[in-house]
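Have a look at the structure below before the remarks.
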Amino acid sequence: METKNIMIVGVGGQGTLLASKMLGQLFLMKGFDVKVSEVHGMSQRGGSVVTYVRYGDDVASPLIEKGEADYIVSFELLEAARWLPFLKKGGKLVTNTQQMNPMPVITGAAQYPENLVEKMRAQGADVDAMDCLDVAEKAGSAKAVNIVLMGRLSRYFDFSAEDWLQALEAVVPEKFLEMNREAFRMGRAE
Numbered sequence: 005m006e007t008k009n010i011m012i013v014g015v016g017g018q019g020t021l022l023a024s025k026m027l028g029q030l031f032l033m034k035g036f037d038v039k040v041s042e043v044h045g046m047s048q049r050g051g052s053v054v055t056y057v058r059y060g061d062d063v064a065s066p067l068i069e070k071g072e073a074d075y076i077v078s079f080e081l082l083e084a085a086r087w088l089p090f091l092k093k094g095g096k097l098v099t100n101t102q103q104m105n106p107m108p109v110i111t112g113a114a115q116y117p118e119n120l121v122e123k124m125r126a127q128g129a130d131v132d133a134m135d136c137l138d139v140a141e142k143a144g145s146a147k148a149v150n151i152v153l154m155g156r157l158s159r160y161f162d163f164s165a166e167d168w169l170q171a172l173e174a175v176v177p178e179k180f181l182e183m184n185r186e187a188f189r190m191g192r193a194e
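In terms of my numbering, the sequence shown is residues 5 to 194.
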């Protein structure tokens, strides 16, 4: 199988690393060679965080170059726009519509760009955008945005919901499992 590439992008503290672990676990369970590379910005200060997940028969490197990502999963709209050049032609962008103001916006030095989903679509991107924060809160916790996004992403793979839930169970502590299962189901069904 040809190597497939997934980028997970967001802001520090949103759960991007747990999402990448879940994906890595899923692909390992399905018998693929998997490479996961965590690239941190100022993750503990709300900075940009990027994780690369690559899987296939034989994956040589964990890095994804511009124009190579089959999927970009974005936890925040501006991060989706920032990393869009990495999406390959025919790739899919799955994004949360939540907006988190970066420091230049907070200080008044810049404005948060408007109509980002429409702008990305105008550039030819296949965008699946939804308010994952709202769904996560309905599932029981605003912290479950990452798992809502995994549920949404799962719609584009041939693996069963049970496969995804098994991977979830391998990376999420028992006391948070039921809420995260619900977040996954809601993200997949929304």
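Don't be surprised by glycine CBs; every beta carbon is placed ideally from N, CA and C.
Quiz item: Per the contact definition of three or more C-beta pairs closer than 8 Å, is the region 88-96 in contact with the region 106-117?
Solution: no
Quiz prompt | Supposed contact pair A143 and M190 - C-beta distance, whole angstroms, cut 8 Å | solution = 5 Å
Practice problem: Name the residue from S24, K147, M134 whose alpha carbon lies nearest to the alpha carbon of A174. | Solution: S24
Quiz prompt | Buried or exposed (CB count within 10 angstroms, at least 16 for buried), M124 | solution = buried
Practice problem: Throw me the rounded Cβ distance for the R86 and N9 pair, which I believe falls under 8 Å. | Solution: About 17 Å separates the two Cβ atoms, so there is no contact after all.
Practice problem: Give the range of the alpha helix (DSSP H) segment to which N105 is assigned. | Solution: Counting along the chain, N105 falls outside any alpha helix (DSSP H), and DSSP gives it neither H nor E.
Quiz item: What is the residue span of the beta strand (DSSP E) that A133 lies within?
Solution: 130-134
Self-check item: Span separating the alpha-carbon of E194 from that of V149
Solution: 13 Å
Self-check item: Where the alpha helix (DSSP H) containing R156 begins and where it ends
Solution: 149-158
Quiz item: Do T7 and V77 have their C-beta atoms within less than 8 Å of each other?
Solution: no
Quiz item: Mapping DSSP to helix, strand and coil, what is G94?
Solution: strand
Exercise. Under 7 Å Cβ to Cβ from L4, same chain only, skipping five residues before and after it: list those, please.
Key: This structure leaves residue 4 out entirely; the chain is present only between 5 and 194.
Practice problem: Drop a sphere of 10 angstroms on the beta-carbon of M5, count the other beta-carbons inside from all chains shown, and report buried for 16 or more, exposed for fewer. | Solution: exposed
Self-check item: Residue from D74, F31, T55, V139 whose Cα sits closest to the Cα of A129
Solution: D74
Quiz item: At which residue ranges does the region 14-69 contain complete beta strand (DSSP E) runs of 3 or more residues, listed in the order of the chain?
Solution: 37-44, 52-60
Quiz item: Beta-carbon separation of T55 and E72 under 8 Å?
Solution: no
Quiz item: With C-beta atoms as the reference, is E83 less than 8 Å away from V15?
Solution: yes
Quiz item: For the beta strand (DSSP E) that contains A73, what are its first and last residues?
Solution: 73-78
Quiz item: So F188 packs on G155, CB below 8 Å; how close in whole Å?
Solution: 4 Å
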